[in-house]
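Enquirer: Sharing a structure below in structure tokens format, with a few things to ask.
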């Protein structure tokens, strides 16, 4: 589904991602691990088309179609959706009115209940939400959008440990629970989410480059004991 | 005493007024509709609400003489003097909510100008008596065929001790009209007033002058929602005086210019101890045309008067726009949502037709927007 092909991006002339290659097939959930500042969020932004990143090399393909030059709205229309790490507060726009604008009013009540957000529908988006509430709303947003390529930017950050499981379950359900072709890419620097999703592959991103890919739990175990380094056997 | 004016409102007139908040007179505690130069309809369904033409109220109740020009001098300025000169046969209504009344249904008052190039001068007086509680809806409108004219109004509102009022006023004038409104309110001890003013439709020039005086422990909460499309100039001059100990106020103006000019000049004065007041003026600029000018000013005369203000003018936050578009909505829809949210248009009192017209104006403004 997603093919990041020899991608380099820069901001103001400074290289952020350097010759990234990543393939995410239909039905798979991948996790991208890396320290703060390694470029993980930048990669998601480049896929979603969010500024201020400039593609200096390579391509991003969705089902073989290049996304370069496409506006954010065109990418979302193709089925790319993103759960933001720190979404902006949208005062005066309730969850319900935004769902209406997305054309998802019919499924709102059911999907919100599944994420324990039934009481949130009249609240303004992200206004006064706790860390966990923001993350659950971001997942719900992707479900309402009916996204098929789901991007999650640090979904467990700012969430109480006891609630990380609920976020993970929601991600699992959103990526692998429904019908149709879907794929998910989760970025994390703690790796905690790995305990709660069935990831198919993990990648280590360091200093703008993917330095290793492998079985998720093995990769995470390596990071816990050796940091964000290339395993010797690799 | 109850006066009923059962003049007929056509379906077209009802539809025009519906857009500014009108509902059937049978579903309101009281209704007053003024069309051009006469009161067409007065109807009450609640014995604790009395509505009279002002001229009749002056003849019926001695005390109305003291209420009239009780909050503003007849020669305060040119426009007020203009209205005062028409006082041989004053045009306007007197609304009286009786002492202690807990009025369940809203009271509604409307002004409709049907004659093109008309000159309308009105004077309304509202008395919400001691301990009474009421919700008021008021609106001003013209038919689609009327775009030129001049409207000058004076409103004097009295909230007696411990009276409570929640009000919404919506205006929808013609695009080439000039309107001048002068609103004066006096809140007695412990009175509470929460008002929302909606000024959205195109108008050549709209000047709204208001002065509110608060007695001890009185509380006022004002919210103004102001939109200026290209060709519209709106000037708001607001004065709030906290005269009694413990008086409080919050005055919030949300302004959006899509090419028009908005001037918001607000003055908050603390004249007594333990008073607390806040002025908030936030503006959103959608194009390079027009102007938003926010001038909040504070004057403290008494020790222990806590006054503050906040003013900001900016453009639509691209982060918010991108965030919304990343979930599917088109840019126009996303911009409209942000502006409607900024203007807090989800309030159930604001007719959906107004929200629709604002959406269209925002879409039109897009070309020079981002």
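Protein chains in written order, with the working numbering: chain A, 306 to 539; chain B, 15 to 384. Virtual Cβ for every residue (Gly too), placed ideally from N, Cα, C. Predicted model, so just to flag it, every value in this text is computed and none were measured.
(1) On a Cα-Cα basis, can you pick out the residue from 337/A, 529/A, 396/A that is closest to residue 519/A?
(2) In the DSSP assignment, what are the bridge partners of residue 44/B?
(3) Let's test the definition: count the other Cβ atoms within 10 Å of the Cβ of residue 89/B and tell me whether it reaches 16, buried, or not, exposed.
(4) Strictly below 8 Å CB to CB, what residues from chain B border residue 377/A?
(5) Which residues bound the beta strand (DSSP E) around residue 308/B?
(6) For residue 423/A, which of helix, strand or coil comes out of DSSP?
(7) Residue 530/A: buried (16+ other C-beta within 10 angstroms of its C-beta) or exposed?
(8) Taking only beta-carbon positions, decide if residue 446/A is within less than 7 Å of chain B.
(9) Along chain B, in chain order, which residues have C-beta atoms closer than 8 Å to that of residue 395/A?
(10) Among the residues of its own chain, which have a CB less than 6 Å from the CB of residue 310/B, if the five just before and after it don't count?
(11) If you draw a straight line from the alpha carbon of residue 237/B to that of residue 305/B, how long is it in whole angstroms?
(12) In the structure shown, what three-state DSSP assignment does residue 471/A receive?
(13) Span of the beta strand (DSSP E) holding residue 330/B?
(14) Measure the CB-CB distance between residue 121/B and residue 21/B and report whether it falls below 7 Å.
(15) Select from the region 397-431 of chain A all residues with a C-beta closer than 8 Å to any C-beta belonging to chain B, and list them in chain order.
(16) Just to confirm, are residue 65/B and residue 56/B a CB contact at a threshold of 7 Å?
(17) Give a yes or no on whether 7 Å exceeds the smallest Cβ distance from residue 358/B to chain A.
(18) Need the endpoints of the alpha helix (DSSP H) that residue 503/A sits in, please.
(19) What is the residue span of the beta strand (DSSP E) that residue 299/B lies within?
(20) Taking only beta-carbon atoms, is residue 383/B less than 7 Å away from chain A?
(21) Which residue from 372/B, 335/B, 350/B, 149/B puts its Cα closest to that of residue 377/A?
(22) Taking the alpha carbon of residue 470/A as the reference point, which residue from 480/A, 419/A, 501/A, 443/A has its own alpha carbon closest?
(23) Grab me the residues of residue 401/A's own chain with a C-beta within less than 7 Å of its C-beta, minus the 5 sequence neighbours each way, in chain order.
(24) If we ignore side chains and look at the alpha-carbon of each, how far apart do residue 388/A and residue 224/B end up?
(25) In or out: residue 356/A buried (at least 16 other Cβ within 10 Å) or exposed?
(26) Using 8 Å for Cβ pairs, my map puts residue 536/A next to residue 527/A. What's the rounded Cβ distance?
(27) Using a cut-off of 9 Å between C-beta atoms, extract the partners of residue 381/A located in chain B.
(28) 7 Å is my cut-off, CB to CB: does residue 289/B come that close to chain A?
(29) In the DSSP assignment, what residue or residues form a beta bridge with residue 320/B?
(30) Does the Cβ of residue 150/B have 16 or more other Cβ atoms within 10 Å, making it buried, or fewer, making it exposed?
(31) Run the CB neighbour count on residue 373/A, radius 10 Å, all protein chains shown included, and call it buried at 16 or more, exposed below.
(32) Three Cβ pairs or more, each shorter than 8 Å: is that satisfied between the region 28-45 of chain B and the region 148-164 of chain B?
(33) Between residue 405/A and residue 411/A, what straight-line distance do the alpha-carbon atoms span, to the nearest angstrom?
(34) Pull the bridge partners of residue 149/B from the DSSP assignment, please.
(35) For residue 353/A, return the contacting residues in chain B, with the cut-off set at a CB-CB distance below 7 Å.
(36) Could you list which residues in chain A have their beta carbon closer than 9 Å to that of residue 210/B, in chain order?
Expert: In terms of the structure at hand:
(1) Closest option to residue 519/A, judged by alpha-carbon separation, among 337/A, 529/A, 396/A: 337/A.
(2) BP columns for residue 44/B point to 58/B, 121/B.
(3) Residue 89/B should be labelled exposed.
(4) Think of a sphere of 8 Å around the beta carbon of residue 377/A: the chain B residues whose beta carbon falls inside it are 336, 339, 340, in chain order.
(5) Segment 305-314, the beta strand (DSSP E) holding residue 308/B.
(6) Three-state DSSP puts residue 423/A in a helix.
(7) Label assigned to residue 530/A: exposed.
(8) It does; some Cβ of chain B falls within 7 Å.
(9) 334, 337, 338, 351, 352, 355, listed in chain order.
(10) Hits under 6 Å: 280, 293, 295, 323, 325.
(11) Rounded to whole angstroms, residue 237/B to residue 305/B spans 21 Å at the Cα level.
(12) Residue state, collapsed to three classes: helix.
(13) From DSSP, residue 330/B is part of no beta strand (DSSP E); its letter is neither H nor E.
(14) Contact annotation: residue 121/B and residue 21/B have beta-carbon atoms that are not nearer than 7 Å.
(15) Cβ proximity to chain B below 8 Å picks out 397, 398, 399, 402, 403, 406, 407, 408, 429 from the region 397-431 of chain A.
(16) Yes, the Cβ-Cβ distance between residue 65/B and residue 56/B is below 7 Å.
(17) Interface criterion met: the Cβ of residue 358/B is under 7 Å from a Cβ in chain A.
(18) No alpha helix (DSSP H) contains residue 503/A, which DSSP labels as neither H nor E.
(19) In the DSSP assignment, residue 299/B falls within the beta strand (DSSP E) that extends over 290-299.
(20) Any reading at residue 383/B needs caution, since the residue's pLDDT is 37, under 50, leaving its predicted position unreliable; the model's value is listed next. It does not; no Cβ of chain A falls within 7 Å.
(21) Just measuring C-alpha positions, the residue of 372/B, 335/B, 350/B, 149/B sitting nearest residue 377/A is 335/B.
(22) Out of 480/A, 419/A, 501/A, 443/A, 501/A has the C-alpha closest to the C-alpha of residue 470/A.
(23) These residues qualify, in order along the chain: 413, 426, 427.
(24) When rounded, the separation of the alpha-carbon atoms in residue 388/A and residue 224/B is 46 Å.
(25) Burial check for residue 356/A: the Cβ neighbour count within 10 Å stays below 16, so the residue is exposed.
(26) Contact between residue 536/A and residue 527/A is confirmed by a C-beta separation of about 5 Å, below the 8 Å threshold.
(27) Correct list: 339, 340, 341, 342, 343.
(28) No - not a single Cβ of chain A is within 7 Å of the one on residue 289/B.
(29) Residue 320/B is bridged to 290/B.
(30) Buried, by the Cβ-count rule.
(31) Classification of residue 373/A: exposed, given that the 10 Å Cβ count is below 16.
(32) Contact between the region 28-45 of chain B and the region 148-164 of chain B is present, because at least three Cβ pairs lie under 8 Å.
(33) Straight through space, the alpha carbons of residue 411/A and residue 405/A are spaced by roughly 9 Å.
(34) Note: residue 149/B sits in a beta bridge opposite 180/B.
(35) Here the neighbours are 340.
(36) Within chain A, no C-beta atom comes nearer than 9 Å to that of residue 210/B; the closest sits roughly 13 Å away.
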